[in-house]
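Asks:
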Ligand SMILES: [Zn+2]
């Protein structure tokens with residue numbers, strides 16, 4: 047038995063000095079983060095956001111109806127092999143970025159099979175999407191699959207819930223059924239909520255007032271609405287809000303965690319820290335708590351033994367620039383010396399895998415010729431992220 051020592055640490059959101067944690071052997075790091083970063087909202091199959099330079103959308107419905115995608119989303123989702131490969135690459139990327147929990151929406155079979163295949167995995171919240179649109183699942187389609195899996199995810203590493211895409215893409219009946227399913231699983235009902243339009247009142251008209259018997263997690267919640275009295279937890283995704291709508295909420299009330307939304311393109315929450323801190327400013331503790339333990343508490347997952355250790359100082363971590371040397375999940379090493387513990391892959395090789403998978407997705411499911419695409423350029427580094435946020439949000443990111 048030994049100790050991990052570090053001169054600085056973020057423990058449950060608080061910055062403390064000179065920590066010493068029992069571990070299998072003696073190791074020394076400059077900074078540790080405990081638990082690691084939590085990414086409360088991620089689409090593992092989104093590799094094309096349909097962005098147009100300079101175009102700003104008014105709300106999510108405007109964006110979904112008006113964007114032109116180079117990849118046929120329904121066709122990609124039906125490609126189980128590629129959808130699953132994308133999810134697997136995301137989990138590896140998350141670990142190498144120090145993100146120890148990730149909540150994923152999209153296709154259940156793809157997201158789950160990729161996770162099960164990995165010898166070491168981030169903690170996961172599986173929130174399969176239901177909606178009334180071509181190529182998507184309904185609650186009735188989903189329920190038997192979820193029932194079958196219930197026992198499989200009881201080890202504290204995973205949680206299974208349901209994600210209603212949004213109020214306008216679901217019926218009242220679908221929402222009620224989804225809540226009933228989440229309640230019977232004693233789990234989570236997630237949804238995109240108030241992403242540019244006020245929707246809290248409409249939601250309450252359908253599901254009533256708390257208690258709901260399930261955790262209700264709204265994603266984005268840009269509008270100024272009283273989420274707390276409705277006991278709705280918000281996962282805020284500041285970066286994609288800024289990219290799509292050029293605005294985001296800067297009030298932490300009701301926000302319990304952060305999401306990256308399109309992590310294959312933009313990286314997971316740990317990489318967004320510069321933008322998140324720019325938007326929400328201080329106190330640092332309030333932001334760090336939400337970025338780390340916040341996601342675990344939002345979804346009710348254990349965080350024992352989840353730790354990220356760096357050779358770099360806290361300021362680099364807060365800018366989203368640092369990459370960890372050691373990552374443990376439930377005290378098991380998932381990243382050692384900056385490489386995946388079981389395969390030796392490093393960050394660059396996983397990024398290469400993502401680029402190759404995106405090119406393949408364009409070939410198999412593209413709606414335009416490959417030559418006219420600059421899709422792979424959408425994989426951005428932290429410098430790009432900060433530049434985007436600075437341009438879009440100059441008031442807070444001076
Ligand atoms: Zn989303």
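In this note's numbering, the protein residues as written are 47 to 444. Idealized CB from N, CA, C, for every residue including glycine. What you are looking at is a predicted structure, and each value in this text was computed from that prediction instead of being measured.
Flag this pair as yes or no: are the beta carbons of residue 145 and residue 173 separated by less than 9 Å?
Replies: In the chain shown, the residue the question calls residue 145 occupies position 99. In the chain shown, the residue the question calls residue 173 occupies position 127. No; because the gap between Cβ atoms is not below 9 Å, this pair is not in contact.
Asks: State the start and end residues of the unbroken alpha helix (DSSP H) segment that holds residue 134.
Replies: Translated into the one-based positions of the chain shown, residue 134 becomes position 88. Counting along the chain, the alpha helix (DSSP H) containing residue 134 begins and ends at 126-142.
Asks: What are the uninterrupted segments assigned as alpha helix (DSSP H) that are 4 or more residues long and contained completely in the stretch 294-378, given in chain order?
Replies: For the stretch 294-378, whole alpha helix (DSSP H) runs of length 4 or above, ordered along the chain, are 309-312, 319-326, 330-335, 341-345 and 360-364.
Asks: Use the C-beta contact count for residue 295: other C-beta atoms within 10 angstroms, 16 or more gives buried, fewer gives exposed.
Replies: Here residue 295 refers to the residue found at position 249 when the chain shown is read from its first residue. Residue 295 is buried by the Cβ-count criterion.
Asks: Look at residue 59 and residue 281 and say whether their C-beta atoms are less than 9 Å apart.
Replies: Against the chain shown, residue 59 aligns to sequence position 13. Against the chain shown, residue 281 aligns to sequence position 235. No, these two residues do not count as a Cβ contact at 9 Å.
Asks: Just reading off the beta strand (DSSP E) that residue 66 is part of, what are its end residues?
Replies: On the chain shown, residue 66 is found 20 positions in, with the first residue counted as 1. 60-69 is the extent of the beta strand (DSSP E) around residue 66.
Asks: If distances are taken between C-alpha atoms only, which option among 47, 93 and 139 comes closest to residue 393?
Replies: Residue 393 sits at position 347 when you count from the first residue of the chain shown. Among 47, 93 and 139, the Cα nearest to that of residue 393 is on 139.
Asks: Just verifying my parser: in three-state terms, what is the DSSP assignment at residue 248?
Replies: Within the chain shown, residue 248 is the residue found at index 202, counting from 1. Residue 248: helix per DSSP, three-state reduction.
Asks: Using only the alpha-carbon positions, how far apart do residue 225 and residue 358 sit?
Replies: Counting from one through the chain shown, the residue named residue 225 turns up at place 179. Counting from one through the chain shown, the residue named residue 358 turns up at place 312. Approximately 44 Å between the Cα atoms of the pair.
Asks: Residues in its own chain within less than 7 Å of residue 134 by CB, not counting five upstream and five downstream?
Replies: In the chain shown, the residue the question calls residue 134 occupies position 88. Counting only Cβ-Cβ distances below 7 Å, and skipping sequence neighbours, we find 160, 163 and 164.
Asks: Flag residue 21 as yes when its Cβ comes closer than 8 Å to any non-hydrogen atom of ligand 1, and as no otherwise.
Replies: Beyond the ends of the chain as shown, which are 47 and 444, falls residue 21; an answer cannot be given.
Asks: Between which two residues does the alpha helix (DSSP H) holding residue 279 run?
Replies: By 1-based counting over the chain shown, the position of residue 279 is 233. It is not in any alpha helix (DSSP H) - residue 279 instead sits in the beta strand (DSSP E) that spans 279-282.
Asks: Looking at the unbroken beta strand (DSSP E) that takes in residue 190, where does it start and where does it end?
Replies: Residue 190 sits at position 144 when you count from the first residue of the chain shown. Segment 185-195 is the alpha helix (DSSP H) holding residue 190; no beta strand (DSSP E) there.
Asks: Less than 9 Å separating the beta-carbons of residue 350 and residue 377?
Replies: The residue labelled residue 350 in the question sits at position 304 within the chain shown. The residue labelled residue 377 in the question sits at position 331 within the chain shown. Cβ atoms of residue 350 and residue 377: closer than 9 Å.
Asks: Can the beta-carbon of residue 278 be found less than 9 Å from the beta-carbon of residue 249?
Replies: In the chain shown, the residue the question calls residue 278 occupies position 232. In the chain shown, the residue the question calls residue 249 occupies position 203. Yes, these two residues count as a Cβ contact at 9 Å.
Asks: Look up residue 21 in the DSSP assignment and say whether it is helix, strand or coil.
Replies: Outside the shown range of the chain (47 to 444) lies residue 21, about which nothing can therefore be said.
Asks: Would DSSP call residue 178 helix, strand or coil?
Replies: Position 132 of the chain shown, counted from the first residue, corresponds to residue 178. Residue 178 falls in the coil class under three-state DSSP.
Asks: Starting from residue 89, follow the beta strand (DSSP E) in both directions and report where the run begins and ends.
Replies: Within the chain shown, numbered from 1, the residue matching residue 89 stands at position 43. Looking at the DSSP string, residue 89 is not in any beta strand (DSSP E), and its letter there is neither H nor E.
Asks: With burial defined as no fewer than 16 other Cβ atoms inside 10 Å of the residue's Cβ, what is the status of residue 187: buried or exposed?
Replies: As a position in the chain shown, residue 187 is number 141, starting the count at 1. Answer is exposed; the Cβ neighbour count stays below 16.
Asks: With DSSP as the reference, please indicate the residues paired to residue 235 in a beta bridge.
Replies: To locate residue 235, count along the chain shown from 1; it is residue 189. Its beta-bridge partners are 208 and 262.
Asks: Can you name, in chain order, every residue of its own chain whose Cβ lies under 6 Å from the Cβ of residue 80, other than the five neighbours on each side?
Replies: The sequence position of residue 80 within the chain shown is 34, counting from 1. 57 and 353, listed in sequence order.
Asks: Reducing DSSP to helix, strand and coil, say where residue 276 ends up.
Replies: As a working note, residue 276 is residue 230 in the chain shown. Note: residue 276 maps to coil in three-state DSSP.
Asks: Excluding the 5 residues preceding and the 5 following residue 179 in the sequence, name in chain order all residues of the same chain whose CB lies nearer than 8 Å to its CB.
Replies: Position 133 of the chain shown, counting from 1, holds the residue named residue 179. The answer, listed in chain order, is 211 and 215.
Asks: Check whether the Cβ atoms of residue 142 and residue 386 lie closer than 9 Å to each other.
Replies: Position 96 of the chain shown holds residue 142. Position 340 of the chain shown holds residue 386. Cβ atoms of residue 142 and residue 386: closer than 9 Å.
Asks: Taking 8 Å as the cut-off, does the CB of residue 151 come closer than this to any heavy atom belonging to ligand 1?
Replies: Taking the chain shown and counting its residues from 1, one reaches residue 151 at position 105. Flag set: Cβ of residue 151 near ligand 1.
Asks: Express the C-alpha separation of residue 96 and residue 78 in angstroms, rounding to a whole number.
Replies: Counting from 1 along the chain shown, the entry for residue 78 is found at position 32. Counting from 1 along the chain shown, the entry for residue 96 is found at position 50. Rounded to the nearest angstrom, the two C-alpha atoms are 37 Å apart.
Asks: Ignore the nearest five residues each way along the sequence and tell me which others in residue 65's own chain have a CB closer than 6 Å to its CB.
Replies: In the chain shown, counting from the first residue as 1, residue 65 sits at position 19. Closer than 6 Å at the Cβ level, and outside the excluded window around residue 65, lie 52 and 55.
Asks: Classify residue 147 as helix, strand or coil using the three-state DSSP reduction.
Replies: As a working note, residue 147 is residue 101 in the chain shown. Residue 147 falls in the strand class under three-state DSSP.
Asks: So what's residue 412 in DSSP terms, helix, strand or just coil?
Replies: Stepping through the chain shown from its first residue, residue 412 is reached at position 366. The answer is strand: DSSP assigns residue 412 an E or B state.
Asks: From residue 292 to residue 316, what distance separates their C-alpha atoms?
Replies: On the chain shown, position 246 is the one that residue 292 refers to. On the chain shown, position 270 is the one that residue 316 refers to. About 21 Å.
Asks: Is it a yes or a no for the stretch 228-240 touching the stretch 252-263, going by three-plus beta-carbon pairs under 8 Å?
Replies: Yes, the stretch 228-240 is in contact with the stretch 252-263.
Asks: Quick check: what's the CA-CA separation for residue 171 versus residue 397?
Replies: Your numbering for residue 171 matches position 125 in the chain shown. Your numbering for residue 397 matches position 351 in the chain shown. If I take the Cα positions, the gap works out to 23 Å.
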